[in-house]
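Basically our numbering = 1-based index in the first sequence + 228. All remarks here apply to the structure that follows.
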Amino acid sequence: MAVRAGKVLPKTFFRREALVVAQDLLGKNLCRRMPDGSIVRAPLTEVEAYIGPEDKACHASKGKTSRTAVMYEPGGVFYVYLCYGVHWLLNIVTDGPGHPAAVLVRGVGQTFGPGRVTKALAVDKSMNALPAVRTSGLWLEDSGVELSEAQIERTPRIGIDYAGEYWAKQPFRLLIKDTA
DNA sequence: GGAGTGATGACA
DNA sequence: GTCATCACTCCA
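As structure tokens, this is what we get:
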């Protein structure tokens with residue numbers, strides 16, 4: 229039984245603060261047209277927000293470079309980059325033009341870990357800077373699921389100790405509590 | 001607990 | 001051109 233198709237999230241959905249978008253994205257379906265043509269839909273279960281240039285953990289906090297340029301685009305495009313020479317990490321750019329912010333996808337369905345997500349969905353550099361629309365082969369749909377505050381857990385982000393105590397402690401990692 | 005891995009950015 | 005760094009995963 230496949231997950232039902234839903235309404236594709238419009239660009240305006242992404243053009244808000246990263247933290248707000250991150251919260252609203254939980255439970256929404258990440259959709260991928262695999263290289264073999266099959267369609268995979270999986271609900272976002274864990275995300276992290278990188279809120280802008282003032283956020284020391286955000287790649288764009290050091291200014292605009294060739295890698296981070298895509299984060300300066302208006303929300304609604306993907307930011308994909310290679311981490312540790314091994315793993316592709318998938319981000320969704322949020323907020324308005326000129327304000328670099330993004331939401332990192334850390335888990336979908338039962339798959340947790342940003343590197344595992346991209347491996348499971350066959351996401352790599354070729355998706356970088358593409359818009360979140362069906363024709364890109366990677367997009368998001370409204371699942372119709374409404375999450376209550378009680379179902380959302382907030383914790384500090386992972387693996388960003390270099391960003392300093394303040395930013396490392398911000399509870400910008402959001403995940404759906406295990407409802408079994 | 002620790003190594004692998006290679007693009008990226010800083011510096012010369 | 002070199003060098004250090006890194007939003008991770010896997011294996012011991």
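Where is the CB? At the ideal position from N, CA and C, for every residue including glycine. Since the structure is predicted, the reported quantities are computational estimates derived from the model, not experimental observations.
Reduced DSSP category for residue i - H, G, I as helix; E, B as strand; rest coil
{"i": "Phe241", "result": "helix"}
{"i": "His287", "result": "helix"}
{"i": "Thr296", "result": "helix"}
{"i": "Glu377", "result": "helix"}
{"i": "Tyr309", "result": "strand"}
{"i": "Lys235", "result": "strand"}
{"i": "Asp264", "result": "coil"}
Alpha carbon of residue i to alpha carbon of residue j, nearest angstrom
{"i": "Ala297", "j": "Ala396", "result": "23 Å"}
{"i": "Leu366", "j": "Gly234", "result": "14 Å"}
{"i": "Asp252", "j": "Gly313", "result": "31 Å"}
{"i": "Trp316", "j": "Ala378", "result": "31 Å"}
{"i": "Cys311", "j": "Arg295", "result": "12 Å"}
{"i": "Asp283", "j": "Phe306", "result": "19 Å"}
{"i": "Pro325", "j": "Asp264", "result": "34 Å"}
{"i": "Pro281", "j": "Leu247", "result": "14 Å"}
{"i": "Arg243", "j": "Ser364", "result": "19 Å"}
{"i": "Arg385", "j": "Ser266", "result": "33 Å"}
{"i": "Val351", "j": "Met299", "result": "18 Å"}
{"i": "Asn257", "j": "Arg269", "result": "6 Å"}
Limits of the alpha helix (DSSP H) - the one that residue i falls within
{"i": "Pro342", "result": "Pro342 to Ala348"}
{"i": "Tyr394", "result": "Glu393 to Lys397"}
Where the beta strand (DSSP E) containing residue i begins and where it ends
{"i": "Val248", "result": "No beta strand (DSSP E) holds Val248; the alpha helix (DSSP H) holding it covers Ala246 to Leu253."}
{"i": "Tyr278", "result": "Ile267 to Tyr278"}
{"i": "Thr383", "result": "Ile380 to Thr383"}
{"i": "Glu369", "result": "Leu366 to Asp370"}
{"i": "Ile320", "result": "His315 to Thr322"}
{"i": "Ala410", "result": "It is not possible to answer for residue 410, since the shown part of the chain is limited to 229 through 408."}
{"i": "Arg362", "result": "Careful: Arg362 lies outside any beta strand (DSSP E) and carries neither H nor E."}
{"i": "Ile404", "result": "Arg401 to Ile404"}
Same chain only: Cβ atoms within 7 Å of residue i, ignoring 5 sequence neighbours per side
{"i": "Gly255", "result": "Pro271, Leu272, Ser371, Val373, Leu375 and Ile404"}
Neighbourhood of residue i by C-beta distance below 6 Å, restricted to the same chain and skipping five residues each side
{"i": "Leu349", "result": "Arg260"}
{"i": "Lys239", "result": "Gly304"}
{"i": "Asn319", "result": "Tyr307, Ala330 and Leu332"}
{"i": "Val361", "result": "Trp367"}
{"i": "Phe241", "result": "none"}
Other residues of its chain near residue i: CB distance less than 8 Å, five sequence neighbours each side excluded
{"i": "Glu301", "result": "Val321, Pro325 and Ala357"}
Any 3 or more C-beta pairs closer than 8 Å across the segment 396-403 and the segment 271-278: When C-beta atoms of the segment 396-403 are compared with those of the segment 271-278, three or more pairs fall below 8 Å, so the two segments count as touching.
Sufficient close CB pairs (3 or more, under 8 Å) joining the segment 327-334 to the segment 288-300: Short answer: they touch.
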